[in-house]
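Student: Positions -17 to 272 (my numbering) are the ones given, in order, by the sequence shown. All C-beta atoms in this analysis are idealised placements derived from N, C-alpha and C, irrespective of residue type, glycine included. Predicted model, so just to flag it, every value in this text is computed and none were measured.
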Amino acid sequence: MTGSKSVRYGRDVEDFLADLPPSTNRYTYEGKERFEEIANIEYHRLQRSLCHLQSEPFDDSLDISEYFVIIIDPASFRRDFSLKLNVGVRQFYNPTLHILILKMISPEHSQVAGIFHDTVMEALKPMGLNKAAIVRYGGTDISVGGGVTKQPDWGWGPMRRPRGIANRPSVVVEVGVSEPETKLRNDARMWMDPTRGEANMAITIKVNRGKPMVTIQTWEWDSNSQRPHVTQSCVIEKTGDNIAVSQHPLTIPFNLLLRRPPSIPRESDIRLQKQDLVEIGTGVWAMQEP
């Protein structure tokens, strides 16, 4: 690769990785065995950082990253990345840049995704919609255009899709802990883009490690501006023994989730009430306790 192309390529890589925490490590792919070693090294690094954070919750010098990056060519990625890892991760691969971003699933991620999923499924039960009616997309490879694949933290879609609709989530959840809000915003933009993620709604959940606060936003696509916009924003915050919820209920429109309008009276929008949102917050904070 020559002169200006090499410089441009380097800039593209840096732009692609710009939203990741500064402490994110980068490696060159050297085979499955070495990758497993790296994955376990990164997992234990994250665990040590989290333990330190629990003992020193106000240490502003601590830069925690749930991410690590592998430089890997498309042929190696296609050949080797059907392998199952020993640690939970989410993948985001760009074949043009040969960049694989891996996001390790922290206790906060698992707790938020689990509570959110349970709440949505409970809300669907009275409508006669059971688990068989909904496809779950947590950790599923989704094509987002240009050969790029990404795994959402969580997502749902109808088992019975309208004709012409691909097998992909209609509502996507992305959870952010160490990454800045710009990373979540860019993820929402990608999922909502009708030429890329093709989702009807993105839900971003930002967990604050410095204080007991969780921010949830829902995003929908604005066809006029050709970008996503925030449709709901809710902050769950604990002060002493008091838990405040800035906006409730948080609504997931039925038609956006099921890709069809309600057809019988008992089918309606999903509404996460104040207590549902409080449980999300308390569940996350329990995972952050020493």
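#1: To the nearest angstrom, report how far apart ILE46 and GLY13 are at their CA atoms.
#2: Apart from the five residues just before and just after PHE40, which ones in its own chain have a Cβ nearer than 6 Å to its Cβ?
#3: Based on the DSSP secondary-structure assignment, which residues constitute the bridge partners of TRP267?
#4: Pick helix, strand or coil for PHE236, following the three-state DSSP scheme.
#5: Going straight from the alpha carbon of VAL212 to that of GLY137, what length do you get?
#6: Tell me whether the beta-carbon of PRO140 lies closer than 8 Å to the beta-carbon of GLU156.
#7: For LYS188 and THR197, which I take to be in contact (beta-carbon distance under 8 Å), what is that distance rounded to the nearest angstrom?
#8: Between LEU111, ALA105 and ASP251, which has its C-alpha nearest ARG142's C-alpha?
#9: Should ASN182 be labelled buried (16 or more other beta-carbon atoms within 10 Å of its own) or exposed?
#10: Quick one: is CYS216 buried, meaning 16 or more other Cβ sit within 10 Å of its Cβ, or exposed?
#11: Out of GLY120, LEU166 and PHE(-2), which has the shortest C-alpha to C-alpha gap to PRO151?
#12: Report the residue from GLY129, ASN237, ARG145 and THR233 whose alpha carbon sits nearest the alpha carbon of PRO77.
#13: For VAL157, write down the residues that DSSP places opposite it in a beta bridge.
#14: Could you give the DSSP three-state label for HIS211: helix, strand or coil?
#15: Taking only the alpha-carbon atoms, compute the straight-line gap between PHE98 and GLY265 and give it to the nearest angstrom.
#16: Of the choices VAL102, TRP203, SER245 and LEU2, whose alpha-carbon is the least far from that of VAL159?
#17: So ILE81 and TYR49 are in contact, right, with Cβ under 8 Å, and what is the actual spacing, rounded?
#18: Pick helix, strand or coil for ALA226, following the three-state DSSP scheme.
#19: I'd like the list of long-range same chain contacts for VAL227, defined as Cβ closer than 7 Å, with 5 residues on each side in sequence excluded.
#20: Taking just the CA atoms, how far does ILE252 sit from GLU202?
#21: What are the start and end residues of the alpha helix (DSSP H) that includes PRO140?
#22: Over the uninterrupted beta strand (DSSP E) stretch that includes ASN149, give me the two end residues.
#23: DSSP on TYR119, reduced to helix/strand/coil?
#24: Buried or exposed: which applies to ALA0, given that a residue is buried once 16 or more other Cβ atoms fall within 10 Å of its Cβ?
#25: Does the Cβ-Cβ distance between MET273 and PRO144 come in under 8 Å?
#26: Is the separation between the beta-carbon of VAL51 and that of ARG8 shorter than 8 Å?
#27: If you reduce the DSSP assignment to three classes, tell me which class LEU111 lands in.
#28: Who are the Cβ neighbours of ASN89 in its own chain at under 7 Å, not counting the five residues just before and after it?
Tutor: Once the coordinates are examined:
#1: 26 Å
#2: Low local confidence applies: a pLDDT of 47 at PHE40 is under 50, so the model's placement there is unreliable, and no value is given.
#3: Note: TRP267 sits in no beta bridge, so no partner.
#4: helix
#5: 18 Å
#6: No, Cβ-Cβ distance for PRO140 and GLU156 is not below 8 Å.
#7: 4 Å
#8: LEU111
#9: buried
#10: buried
#11: GLY120
#12: GLY129
#13: The bridge partners DSSP lists for VAL157 are ILE187.
#14: strand
#15: 11 Å
#16: VAL159 has its Cα closest to that of LEU2, out of VAL102, TRP203, SER245 and LEU2.
#17: In fact, because the Cβ distance is near 12 Å, the residues do not count as touching under 8 Å.
#18: In the structure shown, ALA226 adopts extended strand secondary structure according to DSSP, grouped into three states.
#19: These residues qualify, in order along the chain: CYS216, ILE218, LYS256, LEU259 and VAL260.
#20: Each residue's alpha carbon lies about 16 Å from the other.
#21: From DSSP, PRO140 is part of no alpha helix (DSSP H) but of the beta strand (DSSP E) over 136 to 140.
#22: Element bounds for ASN149: n/a, residue is neither H nor E.
#23: The answer is coil: DSSP assigns TYR119 none of H, G, I, E or B.
#24: exposed
#25: Residue 273 is absent from the structure shown; the chain starts at -17 and stops at 272.
#26: yes
#27: coil
#28: Rather than Asn, the amino acid found at residue 89 in this sequence is Pro. Here the set comprises MET269.
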